[in-house]
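Participant: Sequence lines, in order, name chains A, D and P. Just so you know, we're using my numbering here: the first sequence kicks off at 191 and counts up by one. Just so you know, we're using my numbering here: the second sequence kicks off at 6 and counts up by one. Just so you know, we're using my numbering here: the third sequence kicks off at 313 and counts up by one. Where is the CB? At the ideal position from N, CA and C, for every residue including glycine. On a predicted model such as this, the values are computed, not experimentally measured, just so you know. Attaching a single structure in structure tokens format; questions to follow.
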Amino acid sequence: MSAVNRRLVLGAAAALAVAAAIPAWAQTGPAKGEPVYLGVSGPLTGPNAQYGAQWKQGFDLALDQINADGGIKGRPLAYVFDDTQSDPRQAVAVAQKFVADPKIVAELGDFASPASMAASPIYQKAGLVQFGFTNSHPDTFMWSNSVSQADEQPLSAAYAIKRLGLKRIAVLHLNTDWGRTSKDIFVKAAKDMGAEVVAVEGYMPEEKDFRSTLVRVRDAKPDGVMLISYYSDAALIARQIKQSGMKLPIVAASSVYSPKLLELGGDAVEGLFTASRYFPDDPRPNVQKFVAAFKAKYNKEPDAFNAYAYDTMILMAQVLNDVGPDRKAVREGLLKVKDVPSVIFGKATFDPETRRVAGAMNVELVVKDGRFQLYEGTSAVR
Amino acid sequence: MASWFDYTVNGLIIGNIYALLAVGLALIFGVSRLINFAHGSVYLVGAYAGFVAITHLGTPLPLTIVIVVAVGALLGLVIERFGLRPLQGYAHIAPLLATIGISFVLDQLVQLTFSPDPRALPSQLPDTRFQIGAGTIGSLDILIAATGLASAALLFFFLRYTRLGWAVRATAQDRDAAQQMGVDVNAVNRTVFAIASGLGALAGLLVGMYYNYIDPAMSLQATLKGIVAQVVGGVGNVPGAIAGSLLLGLVESYGIALFGTSYRNLFAFILLVVILVLRPNGLFASRRQTPPEPMTGTFIAPSRPLNIPAPALVAAAVAMAILPLVLPSPYVIQTLTNAWLYGLLGLSLTLIAGTVGLVSLGHAALLAIGGYASALLALNLGMPVGLSILAAGVITAAIGTVLVFPSFRLRGHYFSIATLAVGEIVSLVILNWESLTRGPIGLSGIPPLALFGIELDTARSVYWFALGALVVLAALQFRLLGSHLGRVLRAVRDDDVAARSYGIGLDRYKALAFAVGSFAAGVSGAITSHLYSYINHETFNAQLSILALTIVILGGMGNVIGAIVGAVLLVGLPEVFRVAAEYRVLIYGLVLLLLVRFRPQGLFGTI
Amino acid sequence: MKATVLAPLLEIRGLTRRFGGLTAVDGVDLDVGEGEFVSIIGPNGAGKTTLFNLVTGLDDPDAGTVRLEGRDITRMAPERLAALGVARTFQHGRVFANLSVLDNVLVGSHVRFRKVRPAWPWPLKLLEPFAELALALIRPPSVGTEEKRMREEALAILARFGDRLTPRKDNPAYSLSYANRRRVEIARALALGPRLLLLDEPTAGMNQTETAEMQALIGELKQSGLTILLIEHKLDMVMQLSDRVVVMDEGAVIAAGKPAEVRNDPAVIEAYLGHRRTGGAAGAVTEAVS
């Protein structure tokens with residue numbers, strides 16, 4: 191039995207070693223030769239699998255363009271996407287694998303903070319850059335181009351209070367670390383701007399029934415509702431607000447910005463206010479180019495997750511072209527890179543202190559006639 | 006004050022929805038004594054079948070309903086015929102696990118076919134709404150209520166006035182007697198599964214339309230709430246299931262009213278535990294003299310365990326210890342470290358579920374208690390990490406045993422459901438007790454593993470630490486099993502009535518075993534939290550509990566070596582399958598099903 | 313009807329148990345003297361097994377008392393009764409299926425294990441489980457000696473069954489034939505070192521040869537001076553072994569006395585004629601086991 195046991199383990203190890211050398215979802219373009227690899231750690235199965243799928247769409251679109259333009263100094267750029275289900279244990283195992291594979295020059299992901307943070311010490315020790323682009327936990331210390339909630343929520347508050355004139359706000363938020371952190375920042379910003387937060391309700395991600403929650407909200411007599419949600423829960427809440435007969439303006443965090451909000455919410459989200467870091471009708475050429483290319487390839491409009499993934503791949507390509515495919519150099523490259531064309535930021539540069547990008551776009555939007563449109567009177571504002 | 010009326014209406018509305026699920030579950034339990042964990046998957050398939058019919062075939066609503074019910078009934082027949090019928094006569098745990106495996110397979114198939122993105126399922130009814138109190142109800146609410154009542158009424162007439170209905174009732178009361186009286190028990194099973202699954206699929210369609218929202222994750226929630234509603238009302242009791250569902254909806258609604266939305270599920274599961282402990286037959290069950298539970302001793306697959314001589318075990322341990330020196334790949338070392346930690350979990354559950362027969366479905370909660378305890382001791386009190394891990398083990402043993410103790414009087418399925426509820430409650434308490442646990446934000450900056458002040462910062466040192474803990478606890482467990490105490494624990498599992506009659510106090514020994522097992526689980530959770538430096542309430546989730554149970558079955562219930570090998574295979578295999586990552590969970594469910602069907606005693610046999 | 317004997321070991325007075333509208337045990341009085349062999353007979357559903365359950369603590373009576381050597385044991389838990397020397401077998405045979413034959417018997421002697429089960433007064437009593445655990449893991453020499461002694465005693469008990477059980481001592485109980493499982497049950501009961509042995513239909517489902525063997529064994533137990541209470545349907549066996557016979561019907565005692573007296577009692581004949589089921593001895597109506 192022990193022999194079988196050992197053989198099993200060694201056999202598995204051998205299979206692993208082989209699997210590690212073969213990237214499963216590598217893309218190659220007309221740029222020739224041995225590809226330069228990025229490791230992607232994220233959810234392909236499990237509860238967040240839909241976001242992993244959206245990442246891939248963004249990546250693949252970016253790679254089409256990057257590799258058509260000659261890739262990284264003539265070599266194609268590719269990625270290896272390993273499924274972690276956003277589970278910290280698996281993220282750590284994947285981190286070990288990436289760190290041990292010399293072909294991987296930088297890492298992108300994970301989707302959720304616990305997974306990223308668990309893997310972080312491994313990347314740090316190995317000197318492999320870990321680039322998160324959709325997580326925003328306050329204690330993270332990796333590189334990121336996601337807009338931190340510290341920047342974003344005050345913008346939402348300003349929209350709600352200063353532009354829309356709300357004074358008594360009921361906040362509904364996802365009871366996750368992202369939702370909680372965002373809620374805390376929003377509430378503080380709202381108070382600073384002189385409004386009152388009359389109700390705060392946290393809900394679980396799988397919650398579908400909000401009727402009783404809305405009774406609580408109604409009893410607090412708000413004049414508006416702020417949703418710190420993703421598009422699926424926002425759609426559910428908006429529908430139930432409509433069904434309950436409450437007529438209140440709804441403002442939602444930019445995370446709801448997605449065609450899925452319209453699909454799932456139907457006419458219940460008509461009149462919903464939100465903002466976005468990018469907007470397909472944004473006249474800036476690089477945004478338009480992105481939207482047109484995405485539509486051509488996938489036959490649908492891109493959402494924020496697609497845009498972030500696309501941006502990230504473009505950014506990494508720039509850095510790699512600047513400094514070459516070397517792990518240490520990538521770190522330096524991120525510090526030095528300037529004004530990378532970005533769908534989200536216009537031009538992206540990293541703040542060396544926070545390792546984040548400052549100055550994201552803020553486009554105020556409203557849902558009208560079943561589409562996202564610019565809120566009257568604004569154009570894209572920095 | 007007017008709000009209370011609205012809360013009541015809302016409670017009844019959501020209870021209405023739960024009723025659709027609970028009735029199907031009650032029917033199935035009534036005849037086959039089986040808690041059908043795959044019911045939520047049938048619900049899911051029904052929703053997506055409706056989605057395909059409406060969006061791709063453009064069928065009108067009545068036709069859609071017919072299609073969905075037919076699909077559900079067919080699926081129920083398939084599940085019964087291929088998943089469960091071959092397991093008749095096997096130990097009772099086999100069909101329980103089979104339905105869990107089936108649910109994995111079905112959920113994954115749906116996800117692979119339709120993607121995990123939520124889809125809209127437009128209602129095809131006119132959107133008329135009626136004012137009730139300050140809120141409204143719509144045509145779908147009425148349709149759902151009508152469906153619930155109609156199916157209850159139809160069932161009533163079917164059971165009362167048709168021959169097949171009598172056959173169903175007879176089988177429910179006493180399967181063997183019914184068979185001896187000439188009832189075709191298989192036909193009865195088929196019929197009931199078909200009816201219940203058709204109803205479940207219809208529920209999926211209606212609820213999907215209700216929220217205009219379907220996604221593959223709705224399966225698990227549906228199963229859980231359905232089970233809670235059913236138990237509250239009286240397991241196997243159809244009118245009771247409806248009443249229980251309404252009560253559940255009300256309790257949740259009032260819970261939200263008083264405490265806030267985060268507390269919804271907490272109230273649901275507390276209600277479940279209270280009912281189980283005070284009135285395990287449910288609130289509305291008729292007073293019965295004999296418990297409707299299978300006799301104990303039927304939860305284990307009898308088999309002769311594989312006998313591994315001690316020198317071979319020692320050699321294996323040594324081989325594992327020198328492995329990092331021979332094969333220095335950090336990836337392999339990391340994967341095996343994970344395996345050792347799962348092995349500790351496996352040791353824990355194989356003692357509790359295997360040796361003593363307490364099949365716990367909420368074991369991940371023990372990991373969470375251990376993880377948080379050690380992290381908090383190290384973070385807030387500055388306790389050295391090695392000591393905090395030991396302390397966490399003891400704390401987990403104490404808290405875990407206290408939480409489960411009231412459930413010891415429950416038997417069979419009831420006990421398992423109680424542990425499921427306790428597990429969920431622990432997770433929700435961790436989420437909501439923010440002053441202690443920081444809620445969803447979690448604990449970060451947890452000090453890394455250290456022994457006697459020396460930080461263990463290489464993959465190898467962590468590997469040896471975990472392996473060491475595993476070997477020590479496995480050796481202790483062997484020693485325990487070989488003693489008179491080990492005999493006593495197995496006697497408790499095999500026949501608790503006989504055990505009592507020979508002087509064995511059940512509560513005492515169950516508590517003892519649970520405490521010992523919880524220690525190992527607590528240590529595993531503690532090591533994990535220091536390894537990953539960050540934990541939150543989702544780190545140790547319900548899926549881990551099922552994974553733990555599968556490890557234990559795979560290895561052989563009560564079998565120490567089996568638990569360890571099972572952990573290695575179940576942690577290593579997904580890595581090997583990483584190439585087919587999108588199919589991993591599907592394969593996992595199939596493996597579970599095959600095991601259960603062809604080798605329920607696992608690889609190494611029950612001890 | 314009363315049956316009195318000097319110095320009863322077991323004294324039952326007015327024991328009653330009702331289930332809803334049904335009175336399963338109706339005001340039963342019964343005495344069993346030390347060393348006596350008393351059989352309880354009666355048609356199926358008469359309440360015999362329920363009576364056993366009431367006496368051994370698996371069920372609680374609605375009225376009445378049970379005394380063991382003068383001490384009130386009504387409603388005492390089965391675990392405690394085992395420690396007082398009351399052992400029983402079950403109507404449908406309840407062995408520990410996954411334990412070996414030898415282990416089954418060793419579990420039977422659980423109450424006689426003193427070294428691994430320290431008995432402390434309150435409040436130290438709360439620490440007993442920890443002590444048991446520690447002793448199981450550490451196993452000082454006294455524990456090892458006791459285990460050895462207990463094994464020898466268990467093997468001796470198995471030897472009483474000829475070569476039925478001894479060659480199979482390490483086999484799991486589920487692999488045994490039905491008759492052998494019933495034998496294991498009795499071996500287990502003997503391992504407890506009982507003062508009072510209750511046997512519930514020990515030959516149910518056995519053929520003539522097996523029944524004769526079992527009868528011989530029970531006869532030996534009687535010879536050794538054990539106090540035995542037997543439920544049986546096989547009247548020959550009952551008549552041959554018993555010192556006294558008690559007849560129950562519909563929960564009540566309708567006759568009691570020496571075997572010959574009872575055999576000719578008109579009430580008894582009426583009960584059997586009036587209630588005889590086809591295949592009476594082998595009939596199996598499930599009586600409520602709590």
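Let me know if A:Pro475 comes out buried or exposed under the rule of 16 or more other beta-carbons within 10 Å of its beta-carbon.
Facilitator: Answer is exposed; the Cβ neighbour count stays below 16.
Participant: How about the segment 523-531 of chain D and the segment 370-380 of chain D: do they share at least three Cβ pairs that are nearer than 8 Å?
Facilitator: Touching, per the Cβ criterion.
Participant: Three or more C-beta pairs closer than 8 Å, one from the segment 455-462 of chain D and one from the segment 392-405 of chain D: is that the case here?
Facilitator: With the cut-off at 8 Å, the segment 455-462 of chain D and the segment 392-405 of chain D do not touch.
Participant: For D:Phe413, collect the residues of the same chain with a Cβ closer than 6 Å to its Cβ; drop the 5 residues on either side in sequence, then sort them by chain order.
Facilitator: The answer, listed in chain order, is Asp512, Lys515.
Participant: Looking at C-alpha atoms only, which residue of P:Gly357, P:Ala503, P:Leu529 is the closest neighbour of P:Thr515?
Facilitator: The option with the nearest alpha carbon to P:Thr515 is P:Leu529.
Participant: Is P:Tyr486 close to chain D, meaning its C-beta is less than 8 Å from at least one C-beta of that chain?
Facilitator: Closer than 8 Å to some Cβ of chain D, the Cβ of P:Tyr486 qualifies, so yes.
Participant: Helix, strand or coil for D:Ala262? Go by DSSP, reduced to three states.
Facilitator: DSSP places D:Ala262 in helix when its eight states are reduced to three.
Participant: Can you tell me whether A:His363 is buried or exposed? The criterion is at least 16 other CB atoms within 10 Å of its CB, across all chains shown.
Facilitator: Buried: at least 16 other Cβ atoms inside 10 Å.
Participant: For D:Thr228, count neighbouring C-beta atoms within 10 Å of its own C-beta (all shown protein chains included) and say buried if the count is 16 or more, exposed if not.
Facilitator: Under this definition D:Thr228 is a buried residue.
Participant: Going by CA-CA distance only, name the one from D:Ser156, D:Tyr259, D:Arg604 that's closest to D:Ser308.
Facilitator: Per the Cα distances, D:Arg604.
Participant: Indicate whether at least one CB of chain D lies closer than 8 Å to the CB of P:Phe473.
Facilitator: Chain D, which has no Cβ nearer than 8 Å to the Cβ of P:Phe473, makes this no.
Participant: In chain D, which residues lie less than 7 Å from A:Ile526 when you measure between Cβ atoms?
Facilitator: Before going further, note that residue 526 of chain A is Lys rather than Ile in the sequence given. Near A:Lys526 there are no residues of chain D at all, since even the closest Cβ is about 30 Å away, more than 7 Å.
Participant: Within this structure, are the beta carbons of D:Tyr539 and A:Pro304 separated by less than 8 Å?
Facilitator: Result yes, Cβ atoms of D:Tyr539 and A:Pro304 sit closer than 8 Å.
Participant: Does the distance from the CB of D:Ser224 to the CB of D:Tyr419 come in under 8 Å?
Facilitator: No, these two residues do not count as a Cβ contact at 8 Å.
Participant: If contact means a Cβ-Cβ distance below 8 Å, which residues of the segment 415-431 of chain A contact chain D?
Facilitator: The segment 415-431 of chain A vs chain D, Cβ under 8 Å: Ser422, Ala425, Leu426, Arg429.
Participant: To the nearest angstrom, report how far apart A:Ala482 and D:Leu32 are at their CA atoms.
Facilitator: Spanning the two alpha carbons is a distance of roughly 54 Å.
Participant: With 16 other CB atoms within 10 Å as the buried threshold, where does P:Arg329 fall?
Facilitator: The residue is buried, with at least 16 neighbouring Cβ atoms inside 10 Å.
Participant: Using a Cβ-Cβ cut-off of 8 Å, state whether D:Pro307 counts as contacting chain P.
Facilitator: Yes, D:Pro307 lies at the interface with chain P (some Cβ there is under 8 Å from its Cβ).
Participant: Cα separation between A:Ala316 and A:Ala290?
Facilitator: Taking the straight line joining both Cα atoms gives about 9 Å.
Participant: Under 8 Å, Cβ to Cβ, is there at least one residue of chain A near D:Gln339?
Facilitator: For D:Gln339, the answer is yes, since a Cβ of chain A falls inside 8 Å of its Cβ.
Participant: Rounded to the nearest angstrom, what separates P:Ala399 and P:Leu510 at their Cα positions?
Facilitator: Rounded to the nearest angstrom, the two C-alpha atoms are 6 Å apart.
Participant: List, in chain order, every chain D residue whose beta-carbon is nearer than 9 Å to that of P:Pro441.
Facilitator: Those are Arg513, Tyr514, Ala516, Leu517, Ala520, listed as they occur along chain D.
Participant: At the level of alpha carbons, what is the spacing between A:Arg353 and A:Glu566?
Facilitator: When rounded, the distance between both Cα atoms is 11 Å.
Participant: What three-state label does DSSP hand A:Val194 in the structure shown?
Facilitator: The predicted position of A:Val194 is uncertain, since its pLDDT is 42 and thus under 50; no value can be drawn from it.
Participant: Quick check: what's the CA-CA separation for P:Phe473 versus P:Gln535?
Facilitator: When rounded, the distance between both Cα atoms is 16 Å.
Participant: Does DSSP classify A:Glu554 as helix, strand or coil?
Facilitator: DSSP places A:Glu554 in strand when its eight states are reduced to three.
Participant: Along the alpha helix (DSSP H) that carries A:Tyr498, what are the first and last residues, could you check?
Facilitator: First-last of the alpha helix (DSSP H) with A:Tyr498: 494-513.
Participant: Alpha carbon to alpha carbon, how far is D:Pro285 from D:Arg165?
Facilitator: Distance between the alpha carbons of D:Pro285 and D:Arg165: 26 Å.
Participant: Secondary structure at D:Leu17, three-state DSSP: helix, strand or coil?
Facilitator: Helix.
Participant: Leaving out the 5 sequence neighbours to the left and right, which residues in its chain are closer than 7 Å to P:Ala394 when beta-carbon positions are compared?
Facilitator: Answer for P:Ala394: Val423, Leu504, listed in chain order.
Participant: Among D:Gly487, D:Val256, D:Gln93, which one has its Cα closest to the Cα of D:Val233?
Facilitator: Nearest of D:Gly487, D:Val256, D:Gln93 to D:Val233, Cα basis: D:Val256.
Participant: When burial is assigned at 16 or more other CB atoms within 10 Å of the CB, is D:Thr283 buried or exposed?
Facilitator: It is worth fixing the name first, because residue 283 of chain D is Leu in this sequence and not Thr. Counting Cβ neighbours within 10 Å, D:Leu283 comes out exposed, since fewer than 16 surround it.
Participant: How many Å lie between A:Ser445 and D:Gln339 at the Cα?
Facilitator: C-alpha separation (whole angstroms): 35 Å.
Participant: Grab me the residues of D:Leu366's own chain with a C-beta within less than 6 Å of its C-beta, minus the 5 sequence neighbours each way, in chain order.
Facilitator: Same-chain partners within the cutoff: Ser421, Thr424, Leu425, Ser550.
Participant: According to DSSP, which residues form a beta bridge with P:Met560?
Facilitator: P:Met560 pairs with P:Val565.
Participant: Starting from the beta carbon of A:Gly355, find every residue of chain D whose beta carbon is closer than 9 Å, and list them in chain order.
Facilitator: What A:Gly355 touches in chain D: nothing, since even the nearest Cβ is about 25 Å away.
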